[in-house]
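Numbering (my numbering), first residue to last: 71 to 234.
Laid out in structure tokens, this is it:
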């Protein structure tokens, strides 16, 4: 393989990489790394990176200790969410999400918010089945019982809401 920088011949070998994605303590073995002896260029290739990220997200969701700012950012980006998207889904401001992810002076993520982020990561996809425009108003009025009629059908249930 030719080096993209200088056109020289690259050599490849399997290596171990530490602090993957900036996550302190995460070690990935069996990483293919190509080196150019002429210019020092390096190309790293992770096999099945989607599965690697899913495995890492599950391990983060399972850990007992609180999440670090870098871990919060990893889970947010794993879910494909911007800071604003995560803020809307969690009912906080985008500034709060930014503070959770700050390395120098992070804002501790509360236990309920952290549990929600971990549950979202376990699902391996952003929460998309809820109408986002309605989530902004959830739990902002007095609690009342849900009024709905559920009827069985061949493949699941039919939902009937009472007339307003």
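Ideal Cβ placement from N, Cα and C applies to all residues, glycine included. Every value quoted in this text rests on a predicted model; they were computed, and no experiment measured them.
Helix, strand or coil at residue i [DSSP, three-state]
i           : result
residue 177 : coil
residue 95  : coil
residue 232 : coil
residue 147 : helix
residue 298 : As shown, the chain starts at 71 and ends at 234. That puts residue 298 outside it, with no answer to give.
residue 158 : helix
residue 131 : helix
residue 117 : coil
residue 226 : strand
residue 168 : helix
residue 72  : strand
residue 112 : strand
Closest by C-alpha distance to residue i, when choosing among the options
i           : options               : result
residue 73  : 141, 158, 114 and 219 : 114
residue 138 : 211, 169 and 164      : 169
residue 144 : 173, 134 and 71       : 173
residue 181 : 175, 222 and 134      : 134
residue 86  : 126, 77 and 102       : 102
residue 129 : 118, 95, 178 and 229  : 95
With 16 other Cβ atoms within 10 Å as the buried cut-off, status of residue i
i           : result
residue 106 : buried
residue 219 : exposed
residue 171 : buried
Same chain only: Cβ atoms within 7 Å of residue i, ignoring 5 sequence neighbours per side
i           : result
residue 217 : 232
residue 184 : 136 and 137
residue 88  : 97
residue 176 : 139, 169 and 170
Nonlocal neighbours in the same chain, by C-beta distance under 6 Å from residue i, ignoring five residues either side
i           : result
residue 131 : 188, 191 and 192
residue 142 : 170 and 171
residue 79  : none
Beta-carbon proximity list for residue i, same chain, < 8 Å, skipping 5 on both sides
i           : result
residue 196 : With a pLDDT of 46 at residue 196, under the threshold of 50, the modelled position of this residue cannot be trusted; read the value that follows with caution. Excluding residues within five positions, the ones whose Cβ falls inside 8 Å are 149, 150, 151, 155, 159 and 190.
Rounded Cβ spacing between residue i and residue j (contact assumed at less than 8 Å)
i           : j           : result
residue 140 : residue 92  : 5 Å
residue 111 : residue 75  : 4 Å
residue 166 : residue 157 : 7 Å
Residue i CB to nearest heavy atom of the ligand SAH below 6 Å
i          : result
residue 76 : Only the bare structure without any ligand can be found here, which leaves the ligand SAH out of the picture.
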